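Student: Position 251 (the sequence shown) corresponds to 251 in full-length UniProt numbering; numbering is contiguous. Built from N, CA and C at the ideal position, the CB exists for glycine as well. As the structure is a computational prediction, the values presented were derived from the model and not from experiment.
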Amino acid sequence: MTEPRRDWTRDETILAFELYCTIPSSKVTKENEKIKGLADAIGRTPNSVKLKLQNFKSYDPSYTRDGRIGLSHGSKLDGEIVKDFLQNWDSLVFEANKIKEQYHLETKESTDPLIDKSTEFCVPNGYDKLTIQKIRVGQTFFRKSLFSAYDGKCCITGLSIPELLRASHIKPWSKSNDINEKTNPQNGLLLNVLHDTAFDRGYITIDLDYKIIVSDKLDDYTDEFTERTLREYSGKKISLPNRFIPDEKFIEYHNEVVFKG
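(1) For K260, is the classification buried or exposed, using 16 other Cβ atoms within 10 angstroms of its Cβ as the cut-off for buried?
(2) Quick check on DSSP: helix, strand or coil for K117?
(3) What does the alpha-carbon distance come out to for the pair R243 and D216?
(4) State the start and end residues of the unbroken beta strand (DSSP E) segment that holds N187.
(5) Pull up the distance between the alpha-carbon of Q139 and that of K52, whole angstroms please.
(6) If I measure Cβ to Cβ from L105 and keep anything under 6 Å in the same chain, skipping five residues before and after, which residues do I get?
(7) Just to confirm my understanding: we take K236, look at its own chain, exclude 5 residues before and 5 after, and list those with CB closer than 6 Å. What are they?
(8) Which residues does DSSP list as the beta-bridge partners of T205?
(9) Tell me which same chain residues have a C-beta within less than 8 Å of the C-beta of V28, skipping the five on either side of it?
(10) Please return the same chain residues whose Cβ sits closer than 8 Å to the Cβ of A198, not counting the five positions on each side in sequence.
(11) State the DSSP-derived secondary structure class of N192, mapped to helix, strand or coil.
(12) What did DSSP end up calling H169 once you bin it into helix, strand or coil?
(13) Do the CB positions of S145 and K153 come within less than 8 Å of each other?
(14) On the DSSP bridge list, what partners appear for K237?
(15) Could you spell out where the alpha helix (DSSP H) holding E31 opens and where it closes?
(16) Can the beta-carbon of S176 be found closer than 8 Å to that of D200?
(17) May I ask you to report which of helix, strand or coil DSSP gives K100?
(18) Alpha helix (DSSP H) containing T157: first to last residue?
(19) With a CB to CB cut of under 6 Å and the five nearest residues on each side skipped, what residues in its chain are close to M1?
(20) With C-beta atoms as the reference, is R85 less than 8 Å away from K134?
(21) Just to confirm my understanding: we take G43, look at its own chain, exclude 5 residues before and 5 after, and list those with CB closer than 7 Å. What are they?
(22) If you drop the 5 nearest sequence neighbours on each side, which residues of the same chain put their C-beta closer than 6 Å to that of C155?
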């Protein structure tokens, strides 16, 4: 006998959108273990969860910007949740984590192989325990969402060794606000450790066409390694993510404030 249809709750929809953000679009299938895990926790079928994730595409500007559309069965609540996340990533990601705890879904960083403990994000001194918890939850989400969006590959070189990749903020974390910048995946690039450091120190940046600009400051260094690993990429376009295209306002900030022009 077919179970009666029931509407998705706000909490269920938040969990679904958080999952949408953190698994690659190519892995949104009813066989995906994370989709099956969420389905089991909220009493739905894996196919139902899969369809819900596909519905979010209709409301995701990073997906629809080039004319693509998702499924046509999205609800008003789906659109509201996506809009809420886009306006306040930090709070909604933390709320999703609390809902996971209520449903006994795993929330610990240690269970995710993408989180490299040797390079775990360091929280500055002076924060209370709740704020520290929020920061760690946000940074974990930020890293997972970028790994998902870039298919686990550096957007400059294509390197795919997780331990050698960094979820890099475009507008630095220390300068980003606590509402929709620190955790916002549109404020990030997935970079290998070398280019992450070069980007962070302002030796490279990207323009609004997503092409790499190399600082003239590197002219002081004439060694072959610098030529091969940095200057050689000047003018080349980064590999764009399948969702969460870098936001222009963050790129402009990096160009104007961080980059050593």
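Tutor: Result, derived from the coordinates:
(1) Against the sequence shown, residue 260 aligns to sequence position 260. A residue is called buried when at least 16 other Cβ atoms come within 10 angstroms of its Cβ; K260 does not meet this threshold and is exposed.
(2) Mapped onto the sequence shown, residue 117 falls at position 117. For K117, the predicted structure reports a pLDDT of 42, less than 50, and the residue's modelled location is therefore unreliable. The matter cannot be settled from this model.
(3) If you number the sequence shown from 1, residue 243 lands on position 243. If you number the sequence shown from 1, residue 216 lands on position 216. Whole-angstrom Cα-Cα distance: 32 Å.
(4) Residue numbering aside, residue 187 sits at position 187 when the sequence shown is read from its first letter. Run containing N187: none; DSSP gives neither H nor E here.
(5) Within the sequence shown, numbered from 1, the residue matching residue 139 stands at position 139. Within the sequence shown, numbered from 1, the residue matching residue 52 stands at position 52. Their backbone Cα atoms lie some 25 Å apart in a straight line.
(6) If you number the sequence shown from 1, residue 105 lands on position 105. Contacts found: A41.
(7) By one-based count along the sequence shown, residue 236 stands at place 236. The residues are I212.
(8) As a first step, residue 205 must be located in the sequence shown, where it is residue number 205. Note: T205 sits in a beta bridge opposite I213.
(9) Along the sequence shown, read from residue 1 onward, the residue named residue 28 stands at position 28. So the qualifying residues of the chain are Y20, I35, K50, L53 and Q54.
(10) The sequence position of residue 198 within the sequence shown is 198, counting from 1. So the list reads I204 and L230, once near-sequence residues are dropped.
(11) By 1-based counting over the sequence shown, the position of residue 192 is 192. Strand.
(12) Counting from one through the sequence shown, the residue named residue 169 turns up at place 169. Residue state, collapsed to three classes: strand.
(13) Reading the sequence shown from its first residue, position 145 is the one you call residue 145. Reading the sequence shown from its first residue, position 153 is the one you call residue 153. A distance of 8 Å or more separates the beta carbons of S145 and K153.
(14) The sequence position of residue 237 within the sequence shown is 237, counting from 1. Residue pairing for K237: DSSP places it in a beta bridge opposite K211.
(15) What you label residue 31 is simply residue 31 of the sequence shown in a count that begins at 1. Unbroken run through E31: none, as it is neither H nor E.
(16) Mapped onto the sequence shown, residue 176 falls at position 176. Mapped onto the sequence shown, residue 200 falls at position 200. No.
(17) Walking along the sequence shown from the start, residue 100 turns up at place 100. Here K100 carries a helix assignment [DSSP, helix/strand/coil].
(18) Residue mapping note: residue 157 aligns to position 157 of the sequence shown, counting from 1. Per DSSP, T157 belongs to no alpha helix (DSSP H) and is neither H nor E.
(19) The count along the sequence shown starts at 1 and reaches residue 1 at position 1. The predicted model places M1 with a pLDDT of 38, which falls under 50 and marks its position as unreliable; any figure quoted below should be read in that light. Result list for M1: empty, nothing under 6 Å.
(20) Reading the sequence shown from its first residue, position 85 is the one you call residue 85. Reading the sequence shown from its first residue, position 134 is the one you call residue 134. One detail in the question is off: residue 85 reads as Phe in this sequence, not Arg. For F85 and K134, no; Cβs fall outside 8 Å.
(21) Position 43 of the sequence shown, counting from 1, holds the residue named residue 43. Excluding positions up to five away in sequence, the list is empty.
(22) For the purposes of this step, residue 155 is taken as residue 155 along the sequence shown, with counting starting at 1. Excluding sequence neighbours, C155 sits near L189, L190, I238 and S239.
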